[in-house]
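Protein chains in written order, with this note's numbering: chain L, 1 to 475; chain S, 476 to 896. Glycine is no exception: its CB is placed at the ideal position from the N, C-alpha and C atoms. Values in this document were obtained by computation on a predicted structure and should not be read as measured data. First the structure, in the form of structure tokens, and then the observations on it.
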Amino acid sequence: MASWNRREMLGALGIGSASSLLWAMGCGAPAKAVALAPQQASGEVRGWLRDAVARLASKYPTVHALAVTRRRTTGAVDLGGTGVARARRDGVVLTVRDRDGVWREQVTSDLSGSGVLAAVRLLAGDVAASNVQLPAPPPAPSAPAKITDLELRNRLDAIMRNDRAATSRIVYASALIDIDDVTVWSIAPGHDREQQLRRIRQRATRAAWNGTRPIVSEVERGWTGAIEDGGLDVAAVSRTSKNALALMTPGVFADSEATVVLEPEITALIIDAAVRGLLTTAALRRPEVSSRVVAGAQVAARGLTLVDDPTARGAYGGFVFDDAGDIAAPITLFEDGRAAGRLIRGRRPGHVGVLESGPSHLYLAPGTATPKELLGNGWLLEGKLDAVFDPSSDRIVIGAARARELIKGNDTGRVYANVELVGQLGALLANVTGISKDTETVIARDEHSGEPQWTSITAPWVATRGFVRARRRPS
Amino acid sequence: MITRRALMSALSSRRIAEWVVVERAQEIAIADEVRPLQRSDVRSRFTIVVHHDVTRGRGSAKIELASLYGDASDVADQAIALAEAAIGPTWRSTPPAAPAKVSLLDPTLERVPLGPVASAFLRTTVRPPGATVSAAIEIMRERVTVNASSGFHTGWTATATNASALIAIGGRSLEVTREARTLDHASLRHGLADATRDLMLLAQAAPPFAGRCALVLQSDALLHGGGLGVWSVFADHANAETERQGLTRYRLRSPVAPGAEQIADPLTITSDGALDFATRSAPVGDEGDAVRRFALIERGISVGVGLSMREAARRKTDPNGGVRNLVVKLGSWTGALPARRTIEIRRLRSLSIDPYTGDASLEISLGIERDGGTERVITGGTIRLDLVGALARAQRSGTPLRRGPYSGPASVLIDDAELVA
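Structure follows, in structure tokens:
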């Protein structure tokens, strides 16, 4: 392996250099796009949208205009250098509902007076503005502070310096800062809203060989607000290196039913799969789901309370109003283990995609135990890989990077890579015997048709029981 | 405002070894019965590939642009900066070759407004009696124009459709999706009919017993998740870079699995990026490299890999556009089942494939277990397979199936697999 060059190593690991990390995220565009162009100034955009709403209202009973201007700044550093990329995306979605109840949407990436007017004409023809009453415009939110390339590079270097556990066995190390600045306008008869959000995520990646396989370990933090409000500290980055360097126990993992303690990343994986598979409007179209998730039904162990709260302070998935224009408010999904609500708020990927219901910031209420008190005999599952949930049969398969053996709460030192927790979701939730008082927040920036969807989950350590098996076929 | 010409002009005026600009002008229409919704989207996207030579070697950058605002000069500068951050060993691109001749445009979608076509597709979708069906379709028409620093210039118009439906009978439901280049191929008729039959079977399904068994993978299981399904393992392993590094089991001029070349009807797979109306076909790739048809596996022996511009230069050969649509040679299996326990898998819940070893886990959604004279419907359980070896030695049916990027047998028989409950 020593003869490999860096590019080959990166390709082999399926990860990229600072530069390719940036391409992989579709970054790269005007470097000077941070300042708002004059025509995009808030008042002007609002004027175009109000005019569009007034025109469309003369023909359609229900009208909504949504506009977004989004700037992404991404910096990455690895062994080969530092790169900074900036990208920009504008969009307008004009939505109307005709008298037959059919929704019609016209989408354009041309956020200009003529672009919005052209979209109106495609939707309604050459109509004059009606005298629809629109509320007074809200005060424009304050613009977020500019972040220079130099500041970004300094912050990336600081993340790299926070690693106290790196050794020569680490063959790849990188850090990433990804900033989404989004301004959204939502105007309809009865409301005129504007929100400005800065979402920041930071990630550190480490890779090391373990036998013939590379082990890649990552840590990620994300929040909404100022860049100073959070970050990857020494403990988080050092733990990433330790996880990449952990030597796995040789031999075959013995599949068995066992007590498992799930670290927050794994708990979050289960919550995410459960919410998307059971509680969104798309999921609830399935008869086997809608018949099961009945309000008041006991679907999880007592003590489990799950809330989708986009108003949580600093939440990466949070917002002021959703993409249907409705003011954000918490929705309780499970209350003490009972089904209490459904996710009906509208979100559009990148604020311009097709409207769909989905989670924003999920919060699983903490318990009273410390994480250490949850450990008994069994396995501690760490490092999220993936989750497959079939809502029609309730079967869930959760991939974890490591399983640590526990006896009487102590780590025996035996640790196996790539395991799966398999079973019925209902049983996993019903078998919960302990919830920690400490929590961690996991974030995701998923792409749907090239547009981002920001979500976050705050979850505690959870003790439950399930079938744990090796992911790979014994050779 | 960023335009293709402005980008070309900005890139030409800088000292860049090579560049390619791809412009995609897209019209998209979506019709969805659930909301109900009719949506229309008009947009332009650019892909810019830059190869920048410095004394230390060559760096490459690929940029995707989704906004037309800004200055093309800034984009060019950004591309150079990114390329300079990724300097590797020097290589030289091969001269441009003739684009592949391939049909990607559904003639019925060439000039019509797409919105009404999408609505008409949903209106005319045949619903099985007794079933509740909610369908949606996305239709895209795009004009692609490619310009390169070498003076190479080409363009084409393509269409793409993605139809999906949720079908429910009683208390159960299944999802049916079809991706295709033409409306005809996107038809949900056969998919809905199959789903109806499977929903009836699901009603009587029971959990399986663990143990070894023979396995039949029917078309929906074979192509689970859209795309290439289980056959994607060969596309992953035929990546030239990982093959050269020895990270996969795929070795050129060696059997793909022990004994794979000695069976009665050895496996032959061809990558065909010039297959008319296949979803991964294109005249040229994003780097301006001509797409070619080439053999991946011939009678059980691996003979070809997907070659990017860079990898082709390293191997002193021509690029082939990478692995695209897979054409798997039909077999002679008539559907006769072995005497021992056999599980016919009709649908999967999930398919996960280890990219390094080809080991796979297949979660069963619906299967039919046959053992001697008994037959029962099962749901649940996991099949663990060495997918490369299993498919290399599988018996392939003679019934052809053409779906998305796949053309090959509609089903396969795998002699030995392990089912874990």
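CB-CB length for residue i against residue j, believed under 8 Å
i, j, result
"Ala541(S)", "Glu617(S)", "Not really, about 14 Å apart at Cβ, beyond 8 Å."
"Ile170(L)", "Leu284(L)", "Not really, about 46 Å apart at Cβ, beyond 8 Å."
"Val84(L)", "Gly75(L)", "5 Å"
"Ile159(L)", "Ala175(L)", "4 Å"
"Gly337(L)", "Ala300(L)", "4 Å"
"Gly350(L)", "Arg70(L)", "7 Å"
"Ala365(L)", "Ala295(L)", "Between Ala295(L) and Ala365(L) the Cβ distance is about 19 Å, and since that is not below 8 Å, they are no contact."
"Leu94(L)", "Leu56(L)", "7 Å"
"Glu716(S)", "Leu589(S)", "With 8 Å as the limit, Glu716(S) and Leu589(S) do not qualify as a contact, their Cβ atoms being about 38 Å apart."
"Leu168(L)", "Arg206(L)", "Correcting the residue type first, residue 168(L) is Ser in the shown sequence and not Leu. The Cβ separation is near 13 Å, so there is no contact."
"Ile562(S)", "Gly534(S)", "4 Å"
Beta-carbon proximity check, residue i vs residue j, cutoff 7 Å
i, j, result
"Ser436(L)", "Pro452(L)", "no"
"Gly277(L)", "Pro391(L)", "yes"
"Ile772(S)", "Ile744(S)", "yes"
"Pro359(L)", "Thr439(L)", "no"
"Ile443(L)", "Arg201(L)", "yes"
"Leu579(S)", "Arg656(S)", "yes"
"Asp192(L)", "Leu134(L)", "yes"
"Ile227(L)", "Leu362(L)", "no"
"Val759(S)", "Pro570(S)", "no"
"Ile555(S)", "His526(S)", "no"
"Gly781(S)", "Gly763(S)", "no"
"Gly775(S)", "Pro733(S)", "no"
"Gly856(S)", "Ala814(S)", "no"
"Val708(S)", "Leu862(S)", "yes"
"Leu860(S)", "Ala811(S)", "no"
"Leu677(S)", "Trp808(S)", "no"
"Lys408(L)", "Ile266(L)", "no"
"Arg845(S)", "Thr817(S)", "yes"
"Gly879(S)", "Thr792(S)", "no"
"Glu288(L)", "Arg514(S)", "no"
Residue-chain proximity (residue i, chain L), Cβ-Cβ < 7 Å
i, result
"Asp516(S)", "yes"
"Pro733(S)", "no"
"Ala696(S)", "no"
"Leu837(S)", "no"
"Ala481(S)", "no"
"Glu603(S)", "A small fix is needed here, since residue 603(S) is Pro in this sequence, not Glu. Not an interface residue."
Interface flag, residue i vs chain S, CB-CB below 7 Å
i, result
"Val182(L)", "no"
"Pro349(L)", "no"
"Arg286(L)", "yes"
"Gln453(L)", "no"
"Glu257(L)", "no"
"Trp209(L)", "no"
"Glu105(L)", "yes"
"Asp90(L)", "yes"
"Ser479(L)", "The structure shown does not extend to residue 479(L), since chain L is modelled only from 1 to 475, so the question has no answer here."
"Gly325(L)", "no"
"Gly83(L)", "yes"
"Val299(L)", "no"
"Val102(L)", "yes"
According to DSSP, residues forming a beta bridge with residue i
i, result
"Arg821(S)", "Paired residue(s): none; Arg821(S) is not in a bridge."
"Phe467(L)", "Glu257(L), Val422(L)"
"Gln679(S)", "Bridge partners of Gln679(S): none, in fact."
"Leu364(L)", "Leu306(L)"
"Met454(S)", "This structure does not reach residue 454(S), given that chain S is present from 476 up to 896, and the question cannot be answered."
"Ser456(L)", "His361(L), Ile443(L)"
"His628(S)", "Asn622(S)"
"Tyr172(L)", "Ala207(L)"
Check your understanding: Listed from N- to C-terminal order along the chain, which residues in the stretch 145-159 of chain L have their beta-carbon within a distance smaller than 8 Å of any beta-carbon of chain S?
Key -> none
Exercise for review: May I ask you to list, following chain order, the residues of the stretch 518-550 of chain S that have a beta carbon less than 7 Å from some beta carbon of chain L?
Suggested key: Arg518, Ala536, Lys537, Ile538, Glu539, Leu540, Ala541, Ser542, Leu543, Tyr544, Gly545, Asp546, Asp549, Val550
Check your understanding: Listed from N- to C-terminal order along the chain, which residues in the stretch 804-834 of chain S have their beta-carbon within a distance smaller than 8 Å of any beta-carbon of chain L?
Key -> Arg824, Ser825, Ser827, Asp829, Pro830, Tyr831, Thr832, Asp834
Review point. Listed in chain order, which residues of the stretch 631-651 of chain S have Cβ atoms closer than 7 Å to some Cβ of chain L?
Key: Leu641, Ala643, Gly646, Arg647, Ser648
Exercise for review: Determine which residues of the stretch 569-588 of chain S have a Cβ less than 8 Å from any Cβ of chain L, and write them out in chain order.
Suggested key: none
Point to revise | Selection of the stretch 839-865 of chain S by Cβ proximity to chain L, strictly under 9 Å | key: Ser840, Thr854, Gly855, Thr857, Arg859, Leu860, Asp861
Exercise for review: Could you please tell me which residues of the stretch 389-407 of chain L, in chain order, have their CB closer than 7 Å to any CB of chain S?
Suggested key: Result list: Asp390, Ser392, Ser393, Arg395, Val397.
Review point. The stretch 438-472 of chain L: which residues have C-beta closer than 8 Å to a C-beta of chain S, in chain order?
Key: Gly450, Arg469, Arg471, Arg472
Exercise for review: Can you give me, in chain order, the residues of the stretch 116-145 of chain L that have a beta carbon less than 8 Å from any beta carbon in chain S?
Suggested key: Leu122
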